[in-house]
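Taken in order, the sequence shown gives residues -25 to -1, 1 to 324; the numbers are from mature numbering (1 follows the signal peptide of the UniProt record, and there is no 0).
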Amino acid sequence: MKNGIKKIAAALGAAALALAMSACGASSNTGSGDGAAPTIKFMLDWTPNTNHIGLYVAQKLGYYKDSGVDVKILPTAQAGAETSVENGVANVGFTTLSNVAAFNSQGSDLKFVFDLTQKPVARWCALASRTDIKTPKDLSGKTFVSFGSAEQTAVVRQMIKYAGGTGEIKTATAGTNTFETLTSGKGDFGGFYVTWEGVESELNGPKLNCFVASDWGVPGNPDQLGFAVKASWLKDSKNAAALKKFLAATKKGYDYALANPDKAADLLVEQAKEAQLDSKLTRTSMEEIAKNDYWTTDDPKTLPGTVNFDDAQPYLDFQYKAGTYKDADGNDPAEAPQAKDLATNEYVG
């Protein structure tokens, strides 16, 4: 649901990808020579935003340096973070557990190693001015503004059916801003992140009427956003050790953001100048995250970073039954992807 956030120019992503490949020879090894700190190349999934704030905090405040690891934050490439990790352009990439399931179903070798979000952040919304849309049932036959994701479509159809509708929808391709697509009348509803576009809506309009998937028959946590690596990369003990250092320092960065949301937001705006982030939106987004425990469980000031497998598997099962995951030949896999095979909490301290 990459809506409302301005996409990085393709040229910037392509240039960064070319630079990374030429500088690193497309090698995924963290080695930087005898005595040098290991290097972790991290690729974003989208324009820098509060989902990435822990990385920028850890970089600016010296947490990575203190942990003995050198981190290079790469802008997203057209190929995507998952493919870039698979190809060795990046060591770690921002993604979702369900994306890892989709890629591995087609033969990739990804492992989910850090889970940022501990409860759903996605919202499925129509403009509040649409008085004809009161529950997901009213989305039947309406036009869904999407990026063509089978996963999103399965979620929306399940919500509609659960509410008593047919589950039939039309689709329209989202541009760079779903708000504009809705207000122009080209679509009736779309997907948003409550921690970013939801905040943007409250601050600047237009007002939205939103539904949460888990309230309407979608099991588990659909929004397990976090980090993935190439599983075979972890077989090198030096890489595994570097990953542990990286995750510990990154977790410290996110913890700082939870305890100091405004300071962390200002730091993100300063460090990610290319994104031209709005300071008020970024501050309010981070305050929303901290206040509503989207990243935490027991302690509101400490990020677990771990995968909740009890939430993960029901959602993977649901998407498998919906036919979302396909093998390399376009067929349904023999069984649902297993969260315990896709993810590990071994490297989160």
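In this text, a Cβ means the ideal position worked out from N, Cα and C, and glycines have one as well. Bear in mind the structure is a predicted one, so any value in this text is a computation, not a measurement.
Whole beta strand (DSSP E) runs in the region 153 to 231 with 3 or more residues, listed along the chain?
-> 164 to 168, 183 to 186, 200 to 205
Contact set for LEU102: own chain, Cβ-Cβ below 6 Å, skip 5 residues either direction = Within the sequence shown, residue 102 is the residue found at index 127, counting from 1. Hits under 6 Å: LEU157, PRO181.
Could you give the DSSP three-state label for ARG258: helix, strand or coil?
-> Working through the sequence shown from its first residue, we reach residue 258 at position 283. Residue state, collapsed to three classes: helix.
Based on Cα-Cα distance, which residue from GLN127, LEU19, ASP268 lies nearest to GLN93?
-> Here residue 93 corresponds to residue number 118 of the sequence shown, with the count starting at 1. Out of GLN127, LEU19, ASP268, ASP268 has the C-alpha closest to the C-alpha of GLN93.
Three-pair Cβ contact test at 8 Å for the region 203 to 215 versus the region 294 to 313 | no
Straight-line CA distance for PHE17 to GLY140?
-> Translated into positions along the sequence shown, residue 17 becomes position 42. Translated into positions along the sequence shown, residue 140 becomes position 165. Roughly 42 Å separates the two Cα atoms.
Range covered by the alpha helix (DSSP H) that runs through ILE28 | Reading the sequence shown from its first residue, position 53 is the one you call residue 28. That run of the alpha helix (DSSP H) goes 28 to 35.
May I ask you to verify whether the region 240 to 253 touches the region 286 to 296, counting CB pairs closer than 8 Å and requiring at least 3?
-> Counting Cβ pairs under 8 Å, fewer than three are found: no touch.
Residues of its chain near ASP286, where Cβ-Cβ distance is below 6 Å and the 5 sequence neighbours each way are ignored = Translated into the one-based positions of the sequence shown, residue 286 becomes position 311. Within the same chain, ASP286 has close Cβ partners GLY195, ASN196.
Would you list, in sequence order, the uninterrupted alpha helix (DSSP H) runs of no fewer than 4 residues that lie entirely inside the region 30 to 73?
-> For the alpha helix (DSSP H) assignment, the uninterrupted runs of no fewer than 4 residues enclosed by the region 30 to 73 are, from N- to C-terminal side, 38 to 42, 56 to 61.
Could you name the residues that DSSP lists as bridge partners for PHE284?
-> The residue labelled residue 284 in the question sits at position 309 within the sequence shown. None, per the DSSP bridge assignment.
Residues in its own chain within less than 7 Å of ALA97 by CB, not counting five upstream and five downstream?
-> Mapped onto the sequence shown, residue 97 falls at position 122. Answer for ALA97: MET(-25), GLY166, TYR168, ALA188, PRO197, ASP198, listed in chain order.
Given a threshold of 16 other Cβ atoms within 10 Å of its Cβ, counted over all protein chains shown, does ALA234 qualify as buried or as exposed?
-> Along the sequence shown, read from residue 1 onward, the residue named residue 234 stands at position 259. Under this definition ALA234 is an exposed residue.
Do LEU72 and ALA318 have their C-beta atoms closer together than 8 Å?
-> Residue mapping note: residue 72 aligns to position 97 of the sequence shown, counting from 1. Residue mapping note: residue 318 aligns to position 343 of the sequence shown, counting from 1. Yes, the Cβ-Cβ distance between LEU72 and ALA318 is below 8 Å.
Should ALA149 be labelled buried (16 or more other beta-carbon atoms within 10 Å of its own) or exposed?
-> For the purposes of this step, residue 149 is taken as the residue at position 174 of the sequence shown. Buried, because 16 or more other Cβ atoms sit within 10 Å of the Cβ of ALA149.
For MET18, the residue or residues it bridges with in DSSP = In the sequence shown, counting from the first residue as 1, residue 18 sits at position 43. The partner list for MET18 (beta bridge, DSSP) reads LEU49, GLY68.
Determine the closest residue to PHE186 out of GLN133, ALA147, LYS226, with distance taken between C-alpha atoms.
-> Within the sequence shown, the letter at position 211 stands for residue 186. Of the listed residues, the one whose Cα sits closest to PHE186 is GLN133.
For TYR38, which residues of its own chain have a beta-carbon under 7 Å away from its beta-carbon, when the five flanking residues on both sides are left out?
-> Position 63 of the sequence shown, counted from the start, is the residue given in the question as residue 38. Counting only Cβ-Cβ distances below 7 Å, and skipping sequence neighbours, we find ALA224, LYS227, GLY228.
Inter-residue spacing [alpha-carbon to alpha-carbon] between GLY116 and GLY192 = Within the sequence shown, numbered from 1, the residue matching residue 116 stands at position 141. Within the sequence shown, numbered from 1, the residue matching residue 192 stands at position 217. Cα-Cα distance, rounded: 19 Å.
Collapsed DSSP secondary structure at ASP304 in the structure displayed | Position 329 of the sequence shown, counting from 1, holds the residue named residue 304. Coil, per DSSP.
Can you name the residues that DSSP bridges to THR148?
-> For the purposes of this step, residue 148 is identified with residue 173 of the sequence shown, where counting begins at 1. The partner list for THR148 (beta bridge, DSSP) reads SER121.
Tell me which same chain residues have a C-beta within less than 7 Å of the C-beta of ALA33, skipping the five on either side of it?
-> Here residue 33 is taken as the residue at index 58 of the sequence shown, counted from 1. Closer than 7 Å at the Cβ level, and outside the excluded window around ALA33, lie TYR39, ALA224, THR225, LYS227, GLY228.
Can the beta-carbon of residue 336 be found less than 8 Å from the beta-carbon of ALA203?
-> Within the shown structure, residues of the chain are numbered from -25 to 324, placing residue 336 beyond reach of any answer.
What are the residues that DSSP puts in a beta bridge with TRP99?
-> Taking the first residue of the sequence shown as position 1, residue 99 is located at position 124. Answer by DSSP bridge pairing, in chain order: GLY166, PHE186.
Terminal residues of the alpha helix (DSSP H) in which ASP241 lies = Locating residue 241 in the sequence shown gives position 266, where the first residue counts as 1. ASP241 -> alpha helix (DSSP H) spans 236 to 246.
If you run the structure through DSSP and keep just helix, strand and coil, what is ASP90?
-> Against the sequence shown, residue 90 aligns to sequence position 115. Reduced to three states, the DSSP call for ASP90 is strand.
Going by the beta-carbon positions, is the gap between THR259 and LEU178 smaller than 8 Å?
-> Indexing the sequence shown from 1 puts residue 259 at position 284. Indexing the sequence shown from 1 puts residue 178 at position 203. Taking 8 Å as the Cβ cut-off, THR259 and LEU178 qualify as a contacting pair.
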